[in-house]
Amino acid sequence: MVQQAETAEGQIKALIEAWAEAVRRHDLPAILAHHDDGIVMFDVPPPLQSKGLDAYKKTWDLFFRYHKPSQTFDIEELVTLPLICPRS
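Here my numbering is used: position 5 in the sequence shown is 364, and no number is missing along the way.
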C-alpha cells in the first residue's frame with residue numbers, strides 16, 4: 360500500500376509539473392488537457408469564480424498579458440495527502 364501511495368504521489372507531482380511547464384510555454388491546449396469540463400475555479404482577479412472549461416480557458420488571457428514565456432512560473436511547494444473516504 361505504501362508503494363502504491365508513493366507511485367500515486369509521483370504521478371500527481373509529474374502531472375502538476377507538466378501543467379506548470381505548459382504554463383511557462385503558454386501552451387493552452389496542454390494547460391487544459393487534464394481539466395474536466397465541469398471545473399469550478401476560484402481566483403483573485405475577476406471573475407472570482409469560473410464555471411466550466413470555457414470560462415476557465417478565458418482566465419488565461421489576463422495571465423498571458425502579464426506573464427511572458429521567458430518568465431518564471433514555479434511550483435514552490437506541493438504536498439499530497441491521502442484520500443480518506445468514510446466507510447459505508
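The C-beta atom is built at its ideal place from N, Cα and C for all residues, glycine as well. Note that the coordinates shown come from a computational prediction; the quantities given were computed from them, not determined experimentally.
Note on geometry: alpha-carbon atoms of L387 and K416 lie some 8 Å from one another.
The count of Cβ pairs closer than 8 Å, one atom from the segment 377 to 392 and one from the segment 400 to 407, stays below three, leaving the stretches out of contact. Beta-bridge pairing by DSSP links V399 to K410. P404 is positioned such that its CB atom lies closer than 8 Å to that of L421.
By the 16-neighbour rule on beta-carbons within 10 angstroms, I443 is exposed.
Look at E380 here: in three-state DSSP terms it is helix. Going by DSSP, A392 is part of no alpha helix (DSSP H) at all; its letter is neither H nor E. Looking at R383, S409, H385, the one whose alpha-carbon comes closest to that of D395 is S409.
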